[in-house]
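The structure under discussion appears below in the form of structure tokens.
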Amino acid sequence: MRRILFVCTGNICRSPMAEVLLRAKFERDKARRDWQVASAGTWTVDGRSASEHAIAEMVQRGLDLGDHRSRNVTRDMMAQADLVLVMTRNHVEALESAFPDQAHKVHLLSEVTGGSGDVEDPYGGSRQDYAQVARELERFLDEGYERIVGLAAKDPCEGP
5 MRRILFVCTG
15 NICRSPMAEV
25 LLRAKFERDK
35 ARRDWQVASA
45 GTWTVDGRSA
55 SEHAIAEMVQ
65 RGLDLGDHRS
75 RNVTRDMMAQ
85 ADLVLVMTRN
95 HVEALESAFP
105 DQAHKVHLLS
115 EVTGGSGDVE
125 DPYGGSRQDY
135 AQVARELERF
145 LDEGYERIVG
155 LAAKDPCEGP
């Protein structure tokens with residue numbers, strides 16, 4: 005079993021959407037049904053629900069964010085994760101600074117498809133903003149699925 009952690013800022017928009025999207029892909033993949041997916045934020049208040057628009061976008065895809073509660077990323081989460089996928093370069097820097105011994109696990113999500121851009125935060129935006137982010141997350145997870153699996157399955161002794 006492998007563990008993948010998505011991290012954004014508030015853990016109420018981007019990372020929870022990515023979490024349920026990837027979990028749904030793993031549930032359809034017999035070889036990875038036991039893999040765990042979680043999410044957290046770099047700067048959040050524990051216990052907040054996912055944003056209304058994020059919930060609506062996932063419902064439209066047959067996925068449920070209704071039970072999601074935000075939480076701050078912790079040392080234990082970082083240590084237990086085999087792969088940490090973040091939304092922006094600022095998240096990479098924050099996690100590498102806070103958890104230097106886990107920095108080798110941290111990757112910008114867009115990099116799994118050969119990109120280098122940030123996934124912009126839709127917080128406070130329109131439903132269309134959330135729809136655009138959800139489509140972007142789906143694209144990264146679809147196009148980068150094998151790379152994500154490969155990064156998560158990599159033996160940590162092999163190095164970066």
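Residue numbering for the sequence shown follows this note's numbering, starting at 5 and increasing by one per position. In this text, a Cβ means the ideal position worked out from N, Cα and C, and glycines have one as well.
- Within the segment 14-59, the complete beta strand (DSSP E) segments at least 3 residues long are 40-45, listed from N- to C-terminus.
- The criterion of a C-beta distance shorter than 8 Å is satisfied by Ala156 and Arg6.
- For Asn76, same chain residues with a beta-carbon under 8 Å away, outside a window of 5 residues either side, are Asn15, Ala44, Gly45, Thr46, Trp47, Thr48, Asp50 in chain order.
- Of all C-beta pairs linking the segment 140-156 to the segment 26-39, three or more are shorter than 8 Å, placing the two stretches in contact.
- When the Cα atoms are used, Ala85 and Ala42 turn out to be separated by approximately 9 Å.
- Contact annotation: Val88 and Val11 have beta-carbon atoms nearer than 8 Å.
- Within the model, the alpha-carbon separation for Ala60 versus Phe103 is close to 33 Å.
- Taking each of His108, Gly119, Val123, Lys109 in turn and checking the Cα distance to Thr92, the smallest one comes out for Val123.
- Counting only runs of 3 or more residues that sit fully inside the segment 68-120, the beta strand (DSSP E) segments are 87-90, 110-112, in chain order.
- If you draw a straight line from the Cα of Arg131 to the Cα of Ser55, it is about 11 Å long.
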